[in-house]
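Asks:
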Amino acid sequence: MPPGPRGFLWLGNQHQVPAVKPWRKFAEWNHVYGPVVSLFLGRTPVIVLGTAQAAWDLLDKRSDIYSSRPRFIMAGEILSDNKRGLMMPAGEEWRKFRRVLHSGLHARKADSYKEIQSLESQLLMHQLLHEPVEYERHIRRFSASVVVSLAYGRRIDNVDDWIVKQNMETMACNIPGKYLVESWSWLLKLPRSLQWFRREAEAQRKKDLHHLTYMLNDVKARIAQGTCPPCLAAETYMSREKLGISELDVAYTVSSPFGAGIETTLGTTLTFLLAMLHYPDAMRKAQAELDDVIGGERMPDFNDRDSLPFVRALINEVLRWRPVAALGGTPHAVTADDEYMGMLIPKGSTVFANLDGIMRNPGTFSDPEVFKPERFLSSTDPRLGDFDLPFGFGRRVCPGMHLARNSLFINISRILWAFDVLPVEGQSLPDVWAYTDGFNSWPQPFRVEFFCRKSSIRDCIEREHERAREALAKWS
């Protein structure tokens, strides 16, 4: 097996893996032992990949055996009877799930959502102009509304909407390793009445079933009335017999973009703002490009993407500098014994692509701690030109990456065009390492000032806000 830290019999390396931000310890081990490290959590072998090349070689090139998932007792089995595709093991049911998500989120389909993304972004610019202190709530609202619109054909005006709250409650039970039974599966052999760990997840499961059924029934009613805009739920429901899935499968499947879609877009946009506070020169370069290409009379649009190479490079650098999915998303599981560079990777191993460490590997990214968008303008590696690295690997690559990229481009380009992003006067800059501890990690709350750059930009934001409100009426 690959080299790694020595552990104890039965316990393995469990005592050495921090409960908070384990990716940092994994990166240390990769530095000491090499790009592929092995350890044990109990009896389960765990493989940590610390370079992009190792992840590409195994998770991409050998995806036929690296595309399953470890067993998720709480978040997969008890919470949803393994109906949530993110944690579903490889097999026919997962392939059905993947087909639905691919049909609704592939690159060309994602282009059909640009209208709603642009309109919601126009609302966001107006909110940042008039209520800048609440910027995090406004960005979360944008993310939620885009995802709910594409999934259910309705939009969100406020993050306090019950739809958002319900899905966030589900995500709280969705953290692998949070519960003791994940490590000690023998607890499932206790009499049902003594399995205390079930209570929270089973209570949440009842809420989820009510919530997901309600949302699907709402779509069905609007289909019957002829008032439902095109959306993933409507298309999947109408095709369920052809797809070979039940109504309950439809309800779970179309909800799957929700948590990941909100958290990743929110976290990456917050990281962008944090980076601009610490690297104002990068902001000025992007603004100079936007002033040259766009001017001050109109907002950037999707058609401007090819004309804004530095803005695109800046977005890539945001994704690299502090990846939200620090451990590369949900871990993979290998379904057969494998050999890599003379090392055995046993069947059943849990495999992490330590994205946080990969993005700071100096062999791939020179001066990795420095925020330097120019690295993406000068790179000759085509894999860094497209830069799909932040969105995962192989057959488990994020199906919503095209949608996410579009959201990031339209918002980041417009924020740079409209505002100087500046620290609050008299306060120290926020800590670049102060990030949350969850499965996805984003900046801890910090204060920031948004100063409108030109009077013509202010007028444009007001004008486009009115137009957006009228156009969004069909989604309400």
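In the numbering used here, each residue carries its 1-based index in the sequence shown increased by 212. Heads up, the beta-carbon is just placed ideally off N, CA and C, and yes, glycines get one too. Since the structure is predicted, the reported quantities are computational estimates derived from the model, not experimental observations.
Quick one: Cα of SER250 to Cα of VAL393, how far?
Replies: Rounded to whole angstroms, SER250 to VAL393 spans 23 Å at the Cα level.
Asks: Going by beta carbon distance, what residues of the same chain come within less than 8 Å of PHE621, once the five residues before and after it are set aside?
Replies: PHE514, ARG517, VAL523, ARG524 and ILE527
Asks: Determine which residues share a DSSP beta bridge with HIS544 and list them.
Replies: VAL563
Asks: If I'm right that ALA231 touches VAL248 with Cβ under 8 Å, what's the distance once you round it to whole angstroms?
Replies: Not a contact, Cβ separation roughly 24 Å.
Asks: In terms of residue numbering, what span does the alpha helix (DSSP H) encompassing LEU589 cover?
Replies: Run containing LEU589: 587-590, per the alpha helix (DSSP H) assignment.
Asks: Using the C-alpha atoms, what's the distance from GLY365 back to PRO442?
Replies: 6 Å
Asks: Classify PHE658 as helix, strand or coil using the three-state DSSP reduction.
Replies: coil
Asks: Please check if any C-beta of chain B sits within less than 8 Å of the C-beta of VAL536.
Replies: Looking at the structure shown, chain B is missing, and only one protein chain is on hand.
Asks: Return the first residue and the last residue of the beta strand (DSSP E) that VAL249 is part of.
Replies: Its beta strand (DSSP E) spans residues 248-253.
Asks: Anyone know if the C-beta pair for THR480 and VAL530 falls short of 8 Å?
Replies: yes
Asks: To which residues does DSSP link TYR647 through a beta bridge?
Replies: PRO655
Asks: Counting C-beta neighbours from all protein chains within 10 Å, is the total for LEU406 16 or more, i.e. buried, or is it exposed?
Replies: exposed
Asks: What is the rounded straight-line gap between the Cα of PRO388 and the Cα of PRO655?
Replies: Confidence at PRO388 is low in this model, with a pLDDT of 48, below 50, so the placement of that residue should be treated as unreliable; the coordinate-derived value is given next. Taking the straight line joining both Cα atoms gives about 21 Å.
Asks: When DSSP labels each residue in this structure, what does PHE583 get in the three-state scheme?
Replies: Coil, per DSSP.
Asks: Given a threshold of 16 other Cβ atoms within 10 Å of its Cβ, counted over all protein chains shown, does TRP398 qualify as buried or as exposed?
Replies: exposed
Asks: Does DSSP put TYR464 in a helix, a strand or coil?
Replies: helix
Asks: Please list, in chain order, all residues of the same chain as ILE302 whose beta carbon is under 6 Å from its beta carbon, the five residues on each side excluded.
Replies: Checking the displayed sequence, the identity of residue 302 turns out to be Ala instead of Ile. So the list reads SER279 and SER280, once near-sequence residues are dropped.
Asks: According to DSSP, simplified to helix, strand and coil, what is PRO388?
Replies: Its pLDDT being 48, under 50, PRO388 is placed unreliably in this model, and the coordinates cannot settle the point.
Asks: Need the endpoints of the alpha helix (DSSP H) that ASP420 sits in, please.
Replies: Residues 410-437.
Asks: From VAL229, ILE259, GLN226 and TRP241, pick the residue whose C-alpha is nearest to that of LYS559; which is it?
Replies: ILE259
Asks: Do ALA537 and MET337 have their C-beta atoms closer together than 8 Å?
Replies: no
Asks: Taking C-alpha atoms, which residue in VAL563, GLY554, ALA683 and PHE470 lies nearest to ALA616?
Replies: PHE470
Asks: Terminal residues of the continuous beta strand (DSSP E) containing PHE309?
Replies: Annotation: PHE309 is outside any beta strand (DSSP E); the continuous alpha helix (DSSP H) that includes it extends over 304-317.
Asks: When the Cα atoms are used, what is the spatial distance from GLY596 to LEU641?
Replies: The displayed chain sequence assigns Leu, not Gly, to residue 596. Near 30 Å, if we compare the C-alpha coordinates of LEU641 and LEU596.
Asks: Classify ILE506 as helix, strand or coil using the three-state DSSP reduction.
Replies: When DSSP states are grouped into helix, strand and coil, ILE506 belongs to the coil group.
Asks: Per DSSP, PRO257 is paired with what?
Replies: In the DSSP output, where bridge partners are listed per residue, PRO257 has PHE252.
Asks: Are the CB atoms of PRO611 and HIS350 nearer to each other than 8 Å?
Replies: Going by C-beta atoms, PRO611 is not nearer than 8 Å to HIS350.
Asks: If you run the structure through DSSP and keep just helix, strand and coil, what is ASP689?
Replies: Here the chain has residues from 213 to 688 only, and residue 689 is not among them.
Asks: Who are ILE557's beta bridge partners in DSSP?
Replies: ASP550
Asks: Do you know offhand how far SER619's Cα is from GLN329's?
Replies: 6 Å
Asks: Going along the chain, which residues of its own chain have a beta-carbon closer than 8 Å to the beta-carbon of PRO574, five neighbours each way excluded?
Replies: PRO580
Asks: Given a cut-off of 8 Å, decide if HIS490 and VAL644 are closer than it, judged by their beta-carbon atoms.
Replies: yes
Asks: State buried or exposed for GLN339, treating a residue as buried only when at least 16 other CB atoms are found within 10 Å of its CB.
Replies: buried
Asks: Along the beta strand (DSSP E) that carries LEU526, what are the first and last residues, could you check?
Replies: Taken as a continuous stretch (DSSP letters only), LEU526 belongs to no beta strand (DSSP E), being part of the alpha helix (DSSP H) at 521-533.
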